[in-house]
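The next block holds one structure in the form of C-alpha cells; read it before the comments.
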Amino acid sequence: MKFLVIQQKMIGDVLTSSILCDNLKREFPDAVVHYMAHKHTTAVIENHPSIDRIIRFDPELRNNKFRFYHYVKELDKEEYDAIIDVYAKIETSLIALWSRSPKSIGYYKWYSAFAYTHPVKRWKESKYGLGLAIEHRLQLLQPLLNGKSMEEMIHKPKIHLTREEKQEALALMQAHGLDADEQPFMISILGSGANKSYPADHMARFLDELAAATKRAMLFNYIPNQYEQVKEIYDLCKPETRERIKLDLFANSLRGFIALLSYCKALIGNEGGAVNMAKALDIPTFSIFSPWIPKGDWAIFEDGQNRSVHLRDFQPERFNNVKSKALKAKSNELYRAYSPELIFPALKEFLQEIRG
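The opening position of the sequence shown corresponds to residue 1 in full-length UniProt numbering, with each subsequent residue numbered one higher.
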C-alpha cells in the first residue's frame, strides 16, 4: 500500500503529525509512506524511519492556479491508496479532490467535506487524556485501522538525529566552554510572535529566579535576526544571571538546534514548536502558554517531566465565557497580569522533579 500524509504550515504541527506515519508503518509494515510539508519545516522529520519520502511543498505554488493544478496532477501519478490530509485547508483539500486515490481522509468542514471520501468530525474534548492535538490526528487513522483503539496506537512523535549531527553539536558546545555532562538549560526565549511571547521584563525576572535556583548554564533558542529582541531580555537580567547565559552559542540551522537541544537538561520558556521538539527527544520541558492559546490542545505528555502553566491556572475568572478571538485581542493586557511570581512555585517543583 502507498500513503500520502499532508501537514502544511507550522513546525510543531509537522512533527506531531509524524505519528500518523509511525502508526501506518506499524500497521502496514510493507507500506510506502510519503509526507508532504512546507519546505521550511521538514528538518523535524528528516532521517525518519517511518517516512520513505519527504515532499517539500513550495508555498509559492498557491499563487499560481495553473502551476498548482499541474503539480497536483503530477503528484497523482504516485497512485496513492489513501491520502490523509491533516492540514485540511482549501489548497490541500484540492489535492484530495483532484486525486484518483480510492480513499481520502480529512477533517470535516462544511465547505470542503465533499473533497474527502472520509470527512472526520473532530471531538471537542479529550477522550483519552492525550491532548486534542494528538487525538484529533489519530482520529484520521480510524478509517484505515478498522476501529483500533487509540490506546493501542503510537502517541508520541520522535526526532531522529544522526551521529554526525550529535558530534557537530557537541563540538560547538565545547568551543563555548561546555561539555556534554554539563547539560545546560535551553531557553525558549521568544514565541512565534509578539502575542505568543512572554513579555521581556517578565521573562528577565523569570530567568533571574531560574538562575538563583540552579547553577546550570543557559542557552537561548533564537536566530540572528531576533538578536535585538533577545538582547533586550538579556540586558534586563541581573548581572549574575547574565554570567550564566551563553548568548553567542546558537545553531545555524534547525537540525543544528535540535542536536544542541539533545544535550540539554531541559527546555524552559515560551510554549511553541521547540517544546514539541524537546518532547520528541525525551528532554523535560517547562512551558509558558500564551494567555489566548487553549492549553488543552497542546499540553501533551504532561507527566512531571513535562509541565506547563497558563494564566487560566491562576486567574480562571478572566476566561469565563470569553472566546479565543477576544482573548487574542487583549493578549497584552493578559500578559501584564501573568507575572513571573505566579509561575515561580511551579518552576521550583519542576526543577525538583527533574533534579535540575
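Every residue gets a Cβ at the ideal spot worked out from N, C-alpha and C, and that includes glycine. Since this is a predicted model, take the numbers as computed values, not measurements.
>> Distance check for F3 and G147, CA to CA, integer angstroms please.
In response: 18 Å
> Between which two residues does the beta strand (DSSP E) harbouring F185 extend?
Replying inline: F185 to S188
> Counting Cβ pairs, one atom from each stretch, are 3 or more of them under 8 Å apart for the region 200-212 and the region 234-246?
Replying inline: Contact holds between the region 200-212 and the region 234-246, because three or more Cβ pairs, one in each stretch, are under 8 Å apart.
> Using DSSP with H/G/I as helix, E/B as strand and the rest coil, what is V44?
Replying inline: helix
> Going by C-alpha distance, which of I258, Y338, K265 and L334 is nearest T42?
Replying inline: Ranking I258, Y338, K265 and L334 by Cα distance to T42 puts I258 first.
> Using the rule of at least 16 other Cβ atoms within 10 Å of the residue's Cβ for burial, across every protein chain shown, is H70 buried or exposed?
Replying inline: exposed
>> Let me make sure I understand the geometry here. Which of E46, Y35, E78 and D179 has the alpha-carbon closest to that of F57?
In response: Shortest Cα-Cα distance from F57 to any of E46, Y35, E78 and D179 involves Y35.
> For the region 177-187 against the region 314-328, are there 3 or more C-beta pairs whose distance is under 8 Å?
Replying inline: no
> How close, in whole Å, do the beta carbons of L261 and R137 come, if the pair is a contact with beta carbons under 8 Å?
Replying inline: The Cβ separation is near 23 Å, so there is no contact.
> Exposed or buried, what is E152 when buried is set at 16 or more other beta-carbons lying within 10 Å of its beta-carbon?
Replying inline: So E152 counts as exposed.
>> In the DSSP assignment, the beta strand (DSSP E) including G131 goes from what residue to what residue?
In response: Careful: G131 lies outside any beta strand (DSSP E) and carries neither H nor E.
>> Give me, in chain order, the residues of the same chain whose beta-carbon lies closer than 8 Å to that of F185; leave out the 5 immediate sequence neighbours on both sides.
In response: Here the set comprises L210, T214, R216, A217, M218, L219, C264, K265, A266, L267, I268 and G356.
> Which first and last residues belong to the beta strand (DSSP E) in which N270 is found?
Replying inline: A266 to N270
> Quick one, are the C-beta atoms of L334 and P294 less than 8 Å apart?
Replying inline: no
>> With distance defined between alpha-carbon atoms, name the residue in I51, I6, M10 and H40 nearest to G25.
In response: Correcting the residue identity first, residue 25 is Lys in this sequence and not Gly. Ranking the options by Cα distance to K25, first place goes to I51.
>> Please report the distance separating the alpha-carbon of S324 from that of F289.
In response: Computed Cα separation, rounded: 13 Å.
> Whose C-beta lies closer than 6 Å to the C-beta of H310 among residues of the same chain, with five residues either side of it excluded?
Replying inline: Cβ within range, chain order: F289 and K295.
> DSSP three-state call for N306: helix, strand or coil?
Replying inline: strand
> What number of angstroms, rounded off, separates the C-alpha of V86 from the C-alpha of E79?
Replying inline: 19 Å
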